[in-house]
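Count the sequence shown with our numbering and you get residues 55 to 719, in order. We put the beta carbon where it would ideally sit given N, CA and C, even for glycine. The model shown is predicted, which means the values in this text are computed figures rather than measured ones.
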Amino acid sequence: MAISFGVDYYPEHWPRERWETDAKLMQEMGVQVVRMAEFSWSRLEPREGEFQFGWLDDAIALLARYGISTILGTPTAAPPAWIIARNPEIQPVDSQGRVRHFGGRHHDCQSNPAYRAHIKRYVTAFAEHFGKNPNVIGWQVDNELGNSHEDLCFCEECEKRFRLWLQERYGSIEELNRHWGTVFWSQGYNSFDEVFAPRMTASGHNPSQMLDWKRFCSDLVLDFHNFQAEILRKAAPGKFITHNMMGFSDKISYFDLADHLDFSSHDQYPGGHFQEDPNAPRAARLAAPLDFIRGTKHRPFWIMEQQSSITGWGDMGRAPRPGQLALWAAQSIAHGADAVVFFRWRTCTVGTEQYWHGVLPHSGVPGRCSRELSACMHRAAPLMARHRGGLPKPKVAIVFSYEQEYAFQIQPHHPELTYLGHVMTYYRALFERNIPVEFVREGEDLSGYEWVVAPLQYLMTPQKEAQFRAYVENGGNLVLTMRTGVKHEDNLCMDNQPLPGALHDVLGLTVPEYDCLRETDVQVDWGGARYRGLKWSDLVEPQGAKPLAVYASEFYAGTPAITVNEYGKGRAYYVATEMDAPLAARFVQEMVDSSALRPLLDTPQDVEVCYREAGGKAVYFVLNHTAQEQPVEIPAGWTPVEGFDGAPLPPYGVAVYEGPLPGEA
Numbered sequence: 055m056a057i058s059f060g061v062d063y064y065p066e067h068w069p070r071e072r073w074e075t076d077a078k079l080m081q082e083m084g085v086q087v088v089r090m091a092e093f094s095w096s097r098l099e100p101r102e103g104e105f106q107f108g109w110l111d112d113a114i115a116l117l118a119r120y121g122i123s124t125i126l127g128t129p130t131a132a133p134p135a136w137i138i139a140r141n142p143e144i145q146p147v148d149s150q151g152r153v154r155h156f157g158g159r160h161h162d163c164q165s166n167p168a169y170r171a172h173i174k175r176y177v178t179a180f181a182e183h184f185g186k187n188p189n190v191i192g193w194q195v196d197n198e199l200g201n202s203h204e205d206l207c208f209c210e211e212c213e214k215r216f217r218l219w220l221q222e223r224y225g226s227i228e229e230l231n232r233h234w235g236t237v238f239w240s241q242g243y244n245s246f247d248e249v250f251a252p253r254m255t256a257s258g259h260n261p262s263q264m265l266d267w268k269r270f271c272s273d274l275v276l277d278f279h280n281f282q283a284e285i286l287r288k289a290a291p292g293k294f295i296t297h298n299m300m301g302f303s304d305k306i307s308y309f310d311l312a313d314h315l316d317f318s319s320h321d322q323y324p325g326g327h328f329q330e331d332p333n334a335p336r337a338a339r340l341a342a343p344l345d346f347i348r349g350t351k352h353r354p355f356w357i358m359e360q361q362s363s364i365t366g367w368g369d370m371g372r373a374p375r376p377g378q379l380a381l382w383a384a385q386s387i388a389h390g391a392d393a394v395v396f397f398r399w400r401t402c403t404v405g406t407e408q409y410w411h412g413v414l415p416h417s418g419v420p421g422r423c424s425r426e427l428s429a430c431m432h433r434a435a436p437l438m439a440r441h442r443g444g445l446p447k448p449k450v451a452i453v454f455s456y457e458q459e460y461a462f463q464i465q466p467h468h469p470e471l472t473y474l475g476h477v478m479t480y481y482r483a484l485f486e487r488n489i490p491v492e493f494v495r496e497g498e499d500l501s502g503y504e505w506v507v508a509p510l511q512y513l514m515t516p517q518k519e520a521q522f523r524a525y526v527e528n529g530g531n532l533v534l535t536m537r538t539g540v541k542h543e544d545n546l547c548m549d550n551q552p553l554p555g556a557l558h559d560v561l562g563l564t565v566p567e568y569d570c571l572r573e574t575d576v577q578v579d580w581g582g583a584r585y586r587g588l589k590w591s592d593l594v595e596p597q598g599a600k601p602l603a604v605y606a607s608e609f610y611a612g613t614p615a616i617t618v619n620e621y622g623k624g625r626a627y628y629v630a631t632e633m634d635a636p637l638a639a640r641f642v643q644e645m646v647d648s649s650a651l652r653p654l655l656d657t658p659q660d661v662e663v664c665y666r667e668a669g670g671k672a673v674y675f676v677l678n679h680t681a682q683e684q685p686v687e688i689p690a691g692w693t694p695v696e697g698f699d700g701a702p703l704p705p706y707g708v709a710v711y712e713g714p715l716p717g718e719a
């Protein structure tokens with residue numbers, strides 16, 4: 055059975071006599087799958103080796119009678135109290151050397167051999183028991199890997215693994231000293247045994263060590279995932295394995311993790327108070343992680359947790375307005391979700407997440423949110439069946455790099471400069487013109503894209519230089535930005551030529567100086583119109599590049615801020631500052647004016663248009679993210695899909711059309 059909609063369900067939180075009522079309500083709503091058990095270890099193994107799987111067997115069987123399948127999560131994000139009592143050493147240690155204790159979740163060190171032994175015992179029994187059940191269709195390993203582990207773990211076991219990781223990477227301590235530049239501050243090492251995890255220091259950290267530590271942490275989390283996935287695949291072949299990622303969360307490279315999944319999944323909370331960012335319009339901010347998760351495998355994905363009501367632990371977000379829940383679900387589908395699972399079925403009455411509201415309120419009585427989601431499921435399921443597996447084919451790629459992200463976390467230059475924020479400058483401007491974007495990892499084939507935007511290529515390698523050069527030579531349009539070619543991949547500064555290094559001829563310029571714009575910005579002039587450059591200015595000396603915009607203030611007024619250079623069959627652009635939103639919009643207009651790139655549709659602000667291909671045609675989604683009715687001029691060749699016709703679009707309304715693929719008549 056193809057899955058379109060589901061819910062996250064915790065039957066252990068409720069009396070057994072309530073379970074059938076839940077199953078009936080789920081069936082009536084159109085629920086086809088539940089995810090369960092990812093936080094149920096203490097109920098499933100209350101004492102070591104004493105497995106009590108019967109209650110979960112009963113829940114799975116009951117749901118199956120109502121046509122609902124099950125995904126099971128391994129509960130390793132919350133080891134039970136008896137494990138902590140027996141092995142307190144599995145509790146993680148932060149960078150200040152403090153133990154993070156039992157009482158929440160993610161209170162585990164993923165290196166610890168005692169914890170891994172507990173996991174092997176439990177997951178093996180779990181998989182062997184439930185893997186035989188035909189109503190269990192797949193597995194989720196752990197839950198939101200990396201969540202709550204930002205400053206964890208720095209214990210002795212992690213330190214041992216870090217040393218082994220370094221030894222494998224560098225081979226000898228002499229090579230490590232060279233790549234880390236340990237001549238500075240008398241940091242030289244005589245052996246790997248002298249290398250410690252980078253806990254809090256008296257003053258500063260070695261940036262090369264910090265970069266390797268972040269790389270190591272990503273590899274460790276991946277190993278922790280694969281340790282469980284191998285058990286599941288061996289014990290229960292034929293069932294899918296996925297993981298619920300968290301958009302741009304950076305503890306682990308989701309590109310690497312996705313390589314080990316049958317499909318990617320994602321948790322989407324548009325109304326979460328943690329989402330608030332006054333510098334980024336909500337619609338773009340919500341679309342970007344969806345496009346990013348799709349880009350991890352360039353395939354459709356699942357939403358494993360989609361917001362179903364108010365979010366909150368101690369603090370709460372706003373109540374979703376009428377129509378918003380369906381709009382947000384439609385946005386996930388429009389950007390590539392083949393299934394949407396809502397979190398959670400019923401608002402919990404106990405524990406930390408008492409105010410992370412579900413489809414049903416505390417009372418269990420269906421209300422406004424459940425009625426809206428039921429209507430959404432029944433309306434959207436036939437549409438999803440028609441375009442299942444379909445994807446957009448963007449002409450613009452944005453190169454996303456965890457290593458660049460890590461490097462800017464270590465040395466951000468400007469206190470407000472972030473890698474993701476800079477990436478969003480470009481994504482937001484393209485999104486607001488309804489130009490589809492695909493995220494790609496470093497080193498991925500770029501030849502299928504007309505435009506490639508590679509922000510903040512701070513860490514540079516000969517391989518990346520060669521790839522960018524070849525892409526432009528062969529006719530591509532490359533956009534590079536400030537802080538390109540500053541460092542080697544070991545986080546040591548380049549010293550053999552001026553910035554931007556070996557790509558100076560491709561870009562037709564050098565950067566002899568730069569300016570950190572602390573507590574100020576810089577004026578930028580483009581054809582007589584004034585804009586702002588933010589946070590940073592590279593001072594550019596053209597060597598063949600044509601200025602498109604120039605600085606209009608500071609001591610470098612009149613020098614280029616944005617340039618373009620013809621190279622081979624293509625063009626290379628250099629953006630020497632962080633553009634404010636109007637300047638970024640002007641830059642996207644340059645992309646449109648200078649190439650065959652075109653928006654899908656011109657719409658009012660915060661009315662989004664995106665598409666998925668299905669059977670040689672496009673399914674276009676028109677999404678109104680505003681509280682006002684919005685007029686949209688629909689092309690003559692677009693035919694409304696039954697149940698989704700809306701012109702003008704009502705507040706938070708969704709319209710869907712079928713039509714020719716972008717660029718076709």
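Using 8 Å as the threshold, is the C-beta distance between Q145 and F278 below it? Numbered from 1 along the sequence shown, position 91 holds the residue referred to as residue 145. Numbered from 1 along the sequence shown, position 224 holds the residue referred to as residue 278. Contact flag unset, no.
DSSP three-state label for M80, please. Residue mapping note: residue 80 aligns to position 26 of the sequence shown, counting from 1. Looking at M80 - three-state DSSP - the assignment turns out to be helix.
Just to confirm, is the Cβ distance from G587 to E632 under 8 Å? Position 533 of the sequence shown, counted from the first residue, corresponds to residue 587. Position 578 of the sequence shown, counted from the first residue, corresponds to residue 632. Taking 8 Å as the Cβ cut-off, G587 and E632 qualify as a contacting pair.
Kindly list the residues whose CB is nearer than 6 Å to the CB of S149, restricted to its own chain and excluding five residues on each side of it in sequence; keep chain order. Here the question's residue 149 lines up with position 95 in the sequence shown. D205, F208, R253, M254.
On the three-state DSSP scale, how would you describe T728? This structure does not reach residue 728, given that the chain is present from 55 up to 719, and the question cannot be answered.
Boundaries of the alpha helix (DSSP H) in which V642 is found, first to last residue: Along the sequence shown, read from residue 1 onward, the residue named residue 642 stands at position 588. Per DSSP, V642 belongs to the alpha helix (DSSP H) from 635-647.
I57, DSSP secondary structure in three states: Looking up residue 57 in the sequence shown gives position 3. Correct three-state label for I57: coil.
C-alpha distance - F485 paired with E104, whole-angstrom precision: Numbered from 1 along the sequence shown, position 431 holds the residue referred to as residue 485. Numbered from 1 along the sequence shown, position 50 holds the residue referred to as residue 104. Cα to Cα, the separation comes out at about 53 Å.
Taking all protein chains shown into account, decide if P129 is buried (16 or more other Cβ within 10 angstroms of its Cβ) or exposed. Indexing the sequence shown from 1 puts residue 129 at position 75. Its Cβ being crowded by 16 or more others within 10 Å, P129 is buried.
Here's the rule I'm using: 16 or more other beta-carbon atoms within 10 Å means buried, otherwise exposed. How should C570 be labelled? Taking the first residue of the sequence shown as position 1, residue 570 is located at position 516. Exposed.
Under a three-way DSSP split, which group does D321 fall into? Counting from one through the sequence shown, the residue named residue 321 turns up at place 267. Here D321 sits in strand by DSSP.
Nearest by alpha-carbon distance to L445: which of V578, H352, I122 is it? For the purposes of this step, residue 445 is taken as the residue at position 391 of the sequence shown. Answer by Cα proximity: H352.
Any chance the region 370-377 sits against the region 644-663, with 3 or more Cβ pairs inside 8 Å? no
Does V710 pass the burial test, meaning 16 or more other C-beta atoms within 10 Å, or should it be called exposed? To locate residue 710, count along the sequence shown from 1; it is residue 656. The residue in question, V710, is buried, as its Cβ has 16 or more Cβ neighbours within 10 Å.
Report yes if the C-beta distance between I191 and T236 is below 8 Å; otherwise report no. Start at 1 with the first residue of the sequence shown, and residue 191 comes out as number 137. Start at 1 with the first residue of the sequence shown, and residue 236 comes out as number 182. Cβ atoms of I191 and T236: not closer than 8 Å.
Residues sharing a beta bridge with K186, DSSP: On the sequence shown, residue 186 is found 132 positions in, with the first residue counted as 1. According to DSSP, which records beta bridges pairwise, K186 is partnered with nothing at all.
Look up S123 in the DSSP assignment and say whether it is helix, strand or coil. Stepping through the sequence shown from its first residue, residue 123 is reached at position 69. Three-state DSSP puts S123 in a strand.
Specify the secondary structure class of S307 as computed by DSSP and reduced to three states. Translated into the one-based positions of the sequence shown, residue 307 becomes position 253. S307: coil per DSSP, three-state reduction.
Considering only the beta carbon of each residue, do Q86 and S58 sit closer than 8 Å? The count along the sequence shown starts at 1 and reaches residue 86 at position 32. The count along the sequence shown starts at 1 and reaches residue 58 at position 4. Yes, the pair counts as a contact, with Cβ atoms nearer than the cut-off.
By the three-class DSSP mapping on this structure, what secondary structure does D266 have? Residue numbering aside, residue 266 sits at position 212 when the sequence shown is read from its first letter. In the three-state reduction of the DSSP assignment, D266 falls in the helix class, which pools H, G and I.
Euclidean distance between Cα positions of L546 and Q463: As a working note, residue 546 is residue 492 in the sequence shown. As a working note, residue 463 is residue 409 in the sequence shown. The alpha-carbon atoms of L546 and Q463 are separated by roughly 15 Å.
Taking Y706 as part of the alpha helix (DSSP H), name the residues at either end of that continuous run. Taking the first residue of the sequence shown as position 1, residue 706 is located at position 652. Run containing Y706: none; DSSP gives neither H nor E here.
DSSP-derived helix/strand/coil call for R72: Locating residue 72 in the sequence shown gives position 18, where the first residue counts as 1. R72 falls in the helix class under three-state DSSP.
Selected residue, minimal CA-CA separation from Y481, among V506, D499, Y568, V395: Along the sequence shown, read from residue 1 onward, the residue named residue 481 stands at position 427. Here the closest residue by C-alpha is V506.
So, at 6 Å on beta carbons, what are the nonlocal neighbours of S455 in its own chain, with the 5 sequence-adjacent residues on each side left out? Locating residue 455 in the sequence shown gives position 401, counting from the first residue. Taking C-beta separations shorter than 6 Å and ignoring five residues to either side along the sequence, the partners of S455 in its chain run E496, following chain order.
Considering only the alpha carbon of each residue, which of M300, S428, H411, A388 lies closest to D369? Locating residue 369 in the sequence shown gives position 315, where the first residue counts as 1. The shortest Cα separation from D369 among M300, S428, H411, A388 belongs to H411.
At a cut of 8 Å, does the region 89-97 reach the region 465-477 through at least three beta carbon pairs? no
Do you know how far the Cα of F156 is from the Cα of P714? The residue you call residue 714 lines up with position 660 of the sequence shown. The residue you call residue 156 lines up with position 102 of the sequence shown. Whole-angstrom Cα-Cα distance: 56 Å.
Would you report the Cα separation of A56 and S363, rounded to the nearest angstrom? Within the sequence shown, residue 56 is the residue found at index 2, counting from 1. Within the sequence shown, residue 363 is the residue found at index 309, counting from 1. In a straight line, the C-alpha of A56 is about 26 Å away from that of S363.
In or out: E71 buried (at least 16 other Cβ within 10 Å) or exposed? Stepping through the sequence shown from its first residue, residue 71 is reached at position 17. That one is exposed.
When you compare each of G292, H314, F302, S245 to D273 by their alpha carbons, which one comes out closest? For this step, residue 273 is matched to residue 219 along the sequence shown. The option with the nearest alpha carbon to D273 is H314.
Beta-carbon spacing of H67, V404 below 8 Å: For the purposes of this step, residue 67 is taken as the residue at position 13 of the sequence shown. For the purposes of this step, residue 404 is taken as the residue at position 350 of the sequence shown. Cβ atoms of H67 and V404: closer than 8 Å.
Taking all protein chains shown into account, decide if T564 is buried (16 or more other Cβ within 10 angstroms of its Cβ) or exposed. The count along the sequence shown starts at 1 and reaches residue 564 at position 510. Result: buried.
Local Cβ density within 10 Å of L286, reported as buried at 16 or more and exposed below that: For the purposes of this step, residue 286 is identified with residue 232 of the sequence shown, where counting begins at 1. By the 10 Å Cβ count, L286 comes out buried.
Measuring CB to CB, does A391 end up less than 8 Å from F355? For the purposes of this step, residue 391 is taken as residue 337 along the sequence shown, with counting starting at 1. For the purposes of this step, residue 355 is taken as residue 301 along the sequence shown, with counting starting at 1. Taking 8 Å as the Cβ cut-off, A391 and F355 qualify as a contacting pair.
Uninterrupted beta strand (DSSP E) stretches inside the region 334-417 (no shorter than 3 residues): 355-361, 391-397
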